[in-house]
Amino acid sequence: MPFTPVDLSPLSAANGFTLWHYRTSDSRAATQAAGYFASAQDRLRIGDIIMVQAADGTAMLPVRAGNLTGTATVLDATGAPPSIQRSANLPFRLTLSASAEARAIIFDPLPNAMEPGASIPVAVTILGSIANITFQLRNAAGTVIATQSAAVANGRARKL
Numbered sequence: 035m036p037f038t039p040v041d042l043s044p045l046s047a048a049n050g051f052t053l054w055h056y057r058t059s060d061s062r063a064a065t066q067a068a069g070y071f072a073s074a075q076d077r078l079r080i081g082d083i084i085m086v087q088a089a090d091g092t093a094m095l096p097v098r099a100g101n102l103t104g105t106a107t108v109l110d111a112t113g114a115p116p117s118i119q120r121s122a123n124l125p126f127r128l129t130l131s132a133s134a135e136a137r138a139i140i141f142d143p144l145p146n147a148m149e150p151g152a153s154i155p156v157a158v159t160i161l162g163s164i165a166n167i168t169f170q171l172r173n174a175a176g177t178v179i180a181t182q183s184a185a186v187a188n189g190r191a192r193k194l
């Protein structure tokens with residue numbers, strides 16, 4: 035079966051080196067033949083390594099130049115293949131600690147009568163670590179009419 039370009043994908047690239055993955059139903063010997071990866075020569079560079087998952091096993095093929103039969107990319111299958119560790123035991127420990135903090139916002143009583151167009155004084159007592167509070171005035175439909183923010187100082191925030 036011929037080389038299939040869509041089955042060649044980069045796994046990792048750094049410092050001008052790319053580690054490629056290629057899965058095929060061809061044999062390892064077929065993938066090591068001169069010219070097998072010729073149609074990918076514009077993507078492959080000298081020094082890249084292709085991890086081939088062939089029908090009869092897995093091989094790591096370093097890309098080199100110098101094909102005597104033409105200009106296609108040639109794979110070096112004459113040297114000892116590099117070895118790679120497939121798994122590792124990486125100890126990992128994570129400790130997360132947290133503490134509960136009580137927070138409360140207590141509104142001061144609102145005025146009994148509010149006239150249209152007049153400002154409405156709003157004040158609150160804050161318990162806990164809250165640095166800023168935002169007040170919103172909404173109409174009966176729930177639409178925000180006005181928004182005001184106030185900084186919390188000594189456990190109190192006030193806005194007119």
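If you count the sequence shown from 1, position 42 lands on 76 in the working numbering, and the numbers rise without skipping.
Using N, Cα and C, we set each Cβ at its ideal position, and we do this for glycine too.
Between which two residues does the beta strand (DSSP E) carrying residue i extend?
| i | result |
| --- | --- |
| residue 175 | Counting along the chain, residue 175 falls outside any beta strand (DSSP E), and DSSP gives it neither H nor E. |
| residue 191 | 190-193 |
Using the three-state DSSP reduction, which class does residue i fall into: helix, strand or coil?
| i | result |
| --- | --- |
| residue 94 | strand |
| residue 184 | strand |
| residue 129 | coil |
| residue 108 | Because the pLDDT of residue 108 is 47, which lies under 50, any placement of that residue in the model is unreliable, and the number read from its coordinates should be weighed accordingly. In the structure shown, residue 108 sits in a strand (DSSP, three-state: E or B). |
| residue 36 | coil |
According to DSSP, which residues form a beta bridge with residue i?
| i | result |
| --- | --- |
| residue 161 | 138 |
| residue 167 | 184 |
Problem set entry | 3 or more residues per run - each beta strand (DSSP E) lying fully within the stretch 38-87 | 42-48 and 51-57
For this session: Flag this pair as touching only if the stretch 121-139 and the stretch 153-165 have three or more C-beta atom pairs under 8 Å; answer yes or no.
Result: Yes, the stretch 121-139 touches the stretch 153-165.
Exercise. On the three-pair Cβ rule with 8 Å, is the stretch 53-66 touching the stretch 84-92?
Worked result: yes
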